[in-house]
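Counting in our numbering, the sequence shown runs from 1 upward without gaps.
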Amino acid sequence: MDRIHITGGVPLNGTIPISGAKNAALPLMIASLLTGDTLELANVPRLADIAALTRILGNHGVDHMVVGKRPGQTTETGQTIRLTASNVIDTTAPYELVSTMRASFWVVAPLLARFGEAKVSLPGGCAIGTRPVDLLIMALERLGAQIEIDAGYVVAKTKNGLRGAEIDFPKVTVGGTHVALMAASLAYGTTVISNAAREPEVVDLAECLTKMGARIQGAGTPRIVIEGVARMNGARHEVLPDRIETGTYAMAVAMTGGDVVLENTRADLLHSALDILSTTGAEITQVPGGIRVRRNGAGIAAVDVTTDPFPGFPTDLQAQFMALMTLANGQSQIRETIFENRFMHVQELARLGARIRLEGDLAIVEGVDRLKGAPVMATDLRASVSLVIAGLAAEGETQINRVYHLDRGFEALEAKLARCGARIERVRA
Ligand code: EPZ
């Protein structure tokens, strides 16, 4: 298995191009199942999760084409793909494929809405909590689907099509909102989603669905209204920038010191995280087409953080922020409210010398003067990258094992960091 070697203690200086958002690209690709026409998606990151979903869609019969490079494009520009679901041959998503990635469960919505049936394995995904799908099933049932769980599969059917309904989520769920949006787009009549997720990826999906002919209002607010349409059409859409990748590199700079411009991204996608970073002492400024992050000399101030649905502080940046706080001046309290088991990075950060105590959903981080490199193990996607950040700031050598987690969600991680001076390399097994 590949490993990543880091020799820490080098400030980051330069520019880092930010990729398209994995968590937007996945539902956008799934939306291709809603129409027989071609959906063209630009700025799609080259990631293991994207490749896995491509295989899953291919298994349903979706044609996938990578559009050739245009002049001026580099490997960092993101790829353009065309997906055409004109000949769906199978409405079953099997365990072997779905178990590798939780988001692939969302295919249930377009398959059911367009073909009246879907059989989708209950999902797998990162080991960050129990992560049920009860709310996704509730949303589809509200739209009139008959659903059974049979031998590990969700079997969903509808006799005369889905019907618009009121869907009131008792808890904010990104996946539930994606599923409800896609299914309601092809339902008869009006659907009202209350307590909808407001994440930028939800807005991106709604914008693409609208280009595909859906009638959606209120995406980005807790109340979304969808007027169902009889059929949807092809479209072209550019995936929005990855706010989690943006925040991750911003935290890396805040931790190692230096001066980096994050290109092709937007501050409005992660205001809460950038505000918190400023409070820790990093200088954050908006520049044309991106964000500049600087930290020179001054210590890192300890700040408390609670994860929350958007626009709150994202759970997907919690591990990276904890890495930063391990070197803060004083004590920081980090509360995780989204996933109950998302602290696997704690014991690995401890191997680098971090002092962290867990009390239920609260991590209490006592800042130390320095971290020291060590061999560590990647556990889930965001936890893994927190170890990279900590390794960049630690003295000496850090070796990160099981890096396939990183490849699921960070495009060209080593190359992007190395161009800013980091001493980081992948050792192929
Ligand atoms: C999305 O997962 C993201 N994944 C996650 O990113 C992210 O951490 C999460 O949203 C929260 O922002 C993708 O977009 C592919 P949820 P999702 O439904 O949609 C509970 C990463 O690292 N819940 O918003 O699966 C659930 O257990 C990944 O890129 C139910 O109880 O998350 C959690 O406590 C990890 N029943 C809360 O809701 C349900 O049926 C929010 O989960 C569904 C969810």
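Don't be surprised by glycine CBs; every beta carbon is placed ideally from N, CA and C.
key: Residues bridged to S121 [DSSP beta-bridge criterion]   = Y153
key: Rounded straight-line distance, which links the Cα of T326 to that of I334   = 11 Å
inquiry  = the ligand EPZ and N195: does any heavy atom of the ligand fall closer than 7 Å to the residue's C-beta?
reply    = no
ask   = Roughly how far, in whole angstroms, is the beta-carbon of E201 from the beta-carbon of N23, given that I think they are within contact range, below 8 Å?
value = 5 Å
query = From what residue to what residue does the beta strand (DSSP E) around M65 run?
reply = 63-66 is the span of the beta strand (DSSP E), which, as asked, contains M65.
Same chain only: Cβ atoms within 6 Å of V192, ignoring 5 sequence neighbours per side = E166, V225
ask   = Regarding I18 and the ligand EPZ, is the C-beta to nearest heavy atom distance less than 7 Å?
value = I18: no, Cβ never under 7 Å from the ligand EPZ.
task = Name the two residues that bound the continuous alpha helix (DSSP H) containing A254.
result = 243-256
inquiry  = Let's see if you can read the secondary structure: which residues bound the beta strand (DSSP E) around M377?
reply    = 375-377
message = Are there any heavy atoms of the ligand EPZ lying less than 7 Å away from the beta-carbon of R102, as far as the coordinates show?
response = yes
ask   = Using 8 Å as the Cβ pair cut-off and three pairs as the minimum, do the segment 145-158 and the segment 271-281 touch?
value = no
For P11, three-class secondary structure by DSSP = coil
key: Cut-off 6 Å between Cβ atoms - residues of its own chain near Y153, not counting five sequence neighbours on either side   = K119, S121
message = Helix, strand or coil, according to DSSP, for I30 in the structure here?
response = helix
request  = Within 10 angstroms of the Cβ of E148, are there 16 or more other Cβ atoms? Answer buried if so, exposed if not.
outcome  = exposed
query = To the nearest whole angstrom, what separates the beta carbons of W106 and I30, a pair I think is in contact under 8 Å?
reply = 5 Å
query = Excluding sequence positions up to five away, which residues of its chain have a Cβ less than 6 Å from the Cβ of T54?
reply = H64
task = With DSSP collapsed to three states, give me the class of C126.
result = The predicted position of C126 is uncertain, since its pLDDT is 47 and thus under 50; a value taken from the coordinates is nonetheless stated next. Coil.
ask   = Residue ranges of each beta strand (DSSP E) run of no fewer than 3 residues wholly in the segment 336-369, ordered along the chain?
value = 355-359, 362-366
ask   = Using a threshold of 7 Å, is the CB atom of D134 nearer than that to any non-hydrogen atom of the ligand EPZ?
value = yes
query = How would you label T80, buried or exposed, when you count the other beta carbons within 10 angstroms and need 16 or more for buried?
reply = Counting Cβ neighbours within 10 Å, T80 comes out buried, since at least 16 surround it.
query = Does DSSP put K69 in a helix, in a strand, or in coil?
reply = coil
request  = For G58, I'd like the list of residues in its chain whose CB is within less than 8 Å of its CB, leaving aside the five on either flank, ordered along the chain.
outcome  = H64
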